[in-house]
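In the order they appear, the protein sequences are chains W and C.
Residue numbering for the first sequence follows the numbering used here, beginning at 3 and increasing consecutively.
Residue numbering for the second sequence follows the numbering used here, beginning at 21 and increasing consecutively.
For glycine and all other residues, C-beta sits at the position ideal for the given N, C-alpha and C.
Below is one structure, written out as structure tokens, with a few remarks after it.
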Amino acid sequence: MDLDLTDEQRLLGDTVNGLLEKRYDANTRLQLLSSADGWSRDMWHRYAELGLLGLTFEEQYGGAGMGAGELSVVLESFGRALVLEPVLATVVLGGGLVAAAGSAEQKAELLPGVAAGETLLAFAYTEPGMRWSLTGISTAATPAGNGWTLSGQKSAVFGGDAADRFVVTARTPDGEVGLFLVDGAAGGVRRDAYAMQDGQRGADVLFADAPAVALGEPADALEAIESVLDVAITALCAEAVGAMDRMLWLTVDYLKTRVQFGHPISVFQTLQHRAADMFVSLEQARSMALVARLALGADDVAQRRKTVRAAKLQIDVAARHVAQEAVQLHGGIGMTMEYPVGHYLKRTTVIAKTFADIDALTELVGADGGLLPSG
Amino acid sequence: MELALSKEDRAFAEEMRAFFTSEIPAEIRDRLARGLHPSKADIVASQRILNEHGMAVPHWPLEWGGREWTPLQRHIWSEEMTLAHVPHPLVFNTAMVGPVIATFGSQELKERFLPKTASAEIWWSQGFSEPNAGSDLASLKTSAVRDGDNYIVNGQKTWTTLAQYGDWIFCLVRTDPTVAQQRGISFVLIDMRSPGVTVRPIHLIDGGYEVNEVFFDNVEVPADQLVGEENKGWTYAKFLLGNERTSNAGIGVIKNRIARAKRLGGEVISAEPLLRARLTRLEVETMALEMTVLRVLARESSMPAGTPDPVSSVLKLRGSELQQDAAELLLDILGPAALPFRKERTVPDGFAALDEGAVDAMPTYFNWRKASIYAGSNEVQRQIIAKAILKF
Ligand SMILES: Cc1cc2nc3c(=O)[nH]c(=O)nc-3n(C[C@H](O)[C@H](O)[C@H](O)COP(=O)(O)OP(=O)(O)OC[C@H]3O[C@@H](n4cnc5c(N)ncnc54)[C@H](O)[C@@H]3O)c2cc1C
């Protein structure tokens, strides 16, 4: 058994960490947060130069042909630095869906631009009033000439503020949920852009007879969505682990330097134990992030889905614990925008409300006999 | 908690409810019911009305507008006010500086400040905490040096809630650096418009600006704005902090949050058993805490004021946790609708109207992490309980 990173993965991690340590400190990030775009085009091009924006795409489409292991390494670093750029939206979700569902021409048309940092994508699937279902949608796809038109509203679209193209779920006249590509600049597309609660950008997007083309065959869309979501959830797990790791060490450093009652507060055993419990949560989360990564390689799709969701469940619970404690153990300073720790609370809370929340994951993992065998 | 109340207590609660719902403008109460923060104008308007009807400072001495209510009646007054979504009279005025001036201040200070404090003509801020004096408040460093008829104040306070509205600030300052920490502290009243006072807002993680840093640079404070005796400030501060043991539980806040979650989440609650289970446990805990509050109140009348009671730490500890849980429940009910950070519920033409709660659910969850930090952190509360039961 070998659970270590490969040399290449370690090198990739070091490279990304190096870049972020140099160019993405907390103050730089704070300035980005309040800038008009909310993230950095300059960093985006640097990620492209490092090959991060086409990491998992095939080489013939400008990608690096890497797998979930490498993706997790990168996302864990991004989680540690709380990167604001829309990597999940553009690369993992948008690019992943094009790669999984698109025709050869569509891949050739879109993926090289994504990998080069020229094209931004977003996956529009949630709708107002929806919770965690992927299929409970009412956006309608109607055949029109050689293509389609879409009508309906999508909400909380990650990266929806800046996307050049949207990958949209919509219901065909046959009642199938299909995937469609819509040009962000097309007539009939309107955005209500905003910052999300963690500062990353997003939008509600209104499609009114917006011209669209089907991404691959509508009949195959659900399977593609499920497999891309498994990858995206695994990536989020890695990001959350990076965020938790940073929160733990920020907290530990703070306990060692904050003086009250004449001593660093790390002398209080009650606080030592609280930090120890954060470490326990972090290690359990790290393990499940690895489980998710390994599960992506499994052949049994149902087993894969369940295991990946189990990982997110463990990690969301751990991140909630670690983030609440990190703020608590900092006292008032943890409540401020000026200090980093609260931003990690915000990001991990948003992660816990992305794709499925703790309750929904518990139901999913517990259904059909749970995870482990009976006997 | 109808079960525990006598017929008279219930009638009193009825009377309070009728007053709050008929005298405080509905538009103020509606805003609070929808999860919005009261504006400065809302708070002042509401306190004026309360004060005109003798409802702002019932716990003050009779001659300064108090009522001779029992601790239970005062509790009912406060809870009914919350349940009616009435902004409470400014806690810094009515629960903090007012009682201190009324108990320890000179006649001249009482006359000068108490009426305007009751009516919110003066907006008070609380200047206790400093960057290096949080839980360890007695280590505070802001200094006041006597110079003729004045004190010269230098230093910094922080976490000062709503100081951006403050007219005056009551501060703990160090007047004698040579003695044991607690014995060199005084309680002074400072006009925030004095030269040398600077207020700097602190941006909090919910996106709001409810706290500030307050800097004092050679601020001249007339010596007659000292409350009570020099170097007795710590005693007054302890009196102030121990004043309302039961209000920290925030039963009304918890009940309002649960009620709103049930109103907004009806469908989700019936469809999702895990969420319903959490809601149910939260309701049971709330009922238990309310009974704990009533038990504390029932024995309060038989205990001399200021007697330490570890059960009042239970109220702060569990109360803040339940307030936080109730905020999180609404967040979970909203799900993805809570993700966008929006300042208002208005959306561009053609977009679907936002769910109620979409604007405030996640910011409130973030903001309410404060409840286990301030007013004696929950770690400090556990320490108080441990000390009392382990007797060390
Ligand atoms: C939103 C908000 C509003 C506030 N409003 C006001 C206001 O209007 N006026 C005012 O004066 N102050 C105000 N405060 C300040 C508040 O009282 C302090 O934040 C509080 O006293 C804690 O101090 P601290 O933040 O410095 O944390 P610290 O005291 O540094 O505590 C850091 C951590 O160490 C723990 N800790 C500290 N000592 C011990 C110990 N002995 N044993 C175990 N654990 C310990 C704490 O519980 C905490 O988890 C406000 C704070 C907040 C967050």
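For glutamate 240 of chain C, same chain residues with a beta-carbon under 7 Å away, outside a window of 5 residues either side, are Asn170, Ile172, Ser214 in chain order. Residues of chain C whose Cβ lies closer than 7 Å to the Cβ of lysine 348 of chain W are, in chain order, Ile225, Phe386. Assignment of proline 151 of chain C by DSSP, reduced to helix, strand and coil, places it in the coil class. Taking 8 Å as the CB threshold, tryptophan 254 of chain C stays off the interface with chain W. In the structure shown, aspartate 29 of chain C adopts helical secondary structure according to DSSP, grouped into three states.
In summary, the residues of the segment 132–156 of chain W whose CB is separated from some CB of chain C by less than 8 Å are Met132, Arg133, Trp134, Gln155, in the order they occur in the chain. Non-local C-beta neighbours of alanine 212 of chain W in its own chain, meaning closer than 8 Å and more than five positions away in sequence, comprise Thr151, Leu152, Ser153, Val184, Ala188, Gly189, Gly190, Val191, ordered along the chain. Given a length threshold of 3 residues, each whole run of the beta strand (DSSP E) inside the segment 93–155 of chain W is given here in chain order: 123–126, 142–146.
The residue among W:Glu228, W:Glu327, W:Ala164, W:Ala312 with its C-alpha nearest the C-alpha of glutamine 274 of chain W is W:Glu327. For valine 352 of chain W, the chain C residues whose C-beta falls within less than 7 Å of its own C-beta are Leu359, listed in chain order. DSSP, read as helix, strand or coil, puts threonine 198 of chain C in coil. The Cβ-Cβ distance between alanine 291 of chain W and alanine 103 of chain W does not fall below 8 Å. Below 8 Å, enough C-beta pairs join the segment 250–260 of chain W and the segment 326–345 of chain W to call them touching: three or more.
In this chain, glutamate 61 of chain W is not harboured by any beta strand (DSSP E), its DSSP state being neither H nor E.
When CB distances to chain W are screened at a threshold of 7 Å, the residues of the segment 340–352 of chain C falling below it are Asp352, in chain order.
In the structure shown, glycine 218 of chain W falls within a coil segment according to DSSP collapsed to helix, strand and coil.
Annotated three-state conformation of leucine 110 of chain C is coil, per DSSP. Close to lysine 314 of chain W, with beta-carbon spacing below 7 Å, lies no residue of chain C; the smallest spacing is near 15 Å. Using a Cβ-Cβ distance cut-off of 8 Å, the segment 90–100 of chain W and the segment 51–60 of chain W are in contact, since at least three pairs of beta carbons, one from each stretch, lie closer than that value. For the beta strand (DSSP E) assignment, the uninterrupted runs of no fewer than 3 residues enclosed by the segment 199–261 of chain W are, from N- to C-terminal side, 203–216. For leucine 295 of chain C, the neighbours in chain W by C-beta distance under 9 Å run, in chain order, Asp361.
Among the residues of the segment 196–209 of chain W, those with a Cβ less than 7 Å away from any Cβ of chain C are Tyr196, Ala197, Met198, Gln199, Gly204, Asp206, Leu208, in the order of the chain.
In this structure, the straight-line span from the alpha carbon of leucine 315 of chain W to that of glycine 355 of chain C is close to 15 Å. When the beta-carbon positions are compared, aspartate 163 of chain W and alanine 205 of chain W come within less than 8 Å of each other.
Between the segment 249–265 of chain C and the segment 213–232 of chain C there are fewer than three inter-stretch CB-CB distances shorter than 8 Å, so the stretches are not counted as touching. Listed in chain order, the non-local C-beta contacts of leucine 317 of chain C below 7 Å within the same chain comprise Pro91, Leu92, His95, Thr266, local neighbours out to five positions each way being set aside.
Ranking W:Phe160, W:Ala146, W:Gly161, W:Asp166 by CA distance to the CA of threonine 174 of chain W puts W:Ala146 first. Neighbours of aspartate 156 of chain C in chain W, taken as residues whose beta carbon is under 7 Å from its own, are Gln262, Phe263 in chain order.
In its chain, beyond the 5 residues on either side, Glu129, Gly154, Arg173 have a beta carbon closer than 8 Å to the beta carbon of serine 140 of chain W. Placement of the Cβ of histidine 95 of chain C at a distance of 7 Å or more from every heavy atom of ligand 1 is found.
A straight-line Cα-Cα distance of about 35 Å links tryptophan 97 of chain C and leucine 294 of chain C. Scanning chain W for C-beta atoms nearer than 7 Å to the C-beta of glycine 55 of chain C yields nothing, as the closest lies near 15 Å away. DSSP, read as helix, strand or coil, puts proline 221 of chain C in strand. A buried status is given to tyrosine 49 of chain W, since no fewer than 16 other beta-carbon atoms sit within 10 Å of its beta-carbon.
Judged by DSSP secondary structure, glutamine 67 of chain C falls within the alpha helix (DSSP H) whose first and last residues are 60–72.
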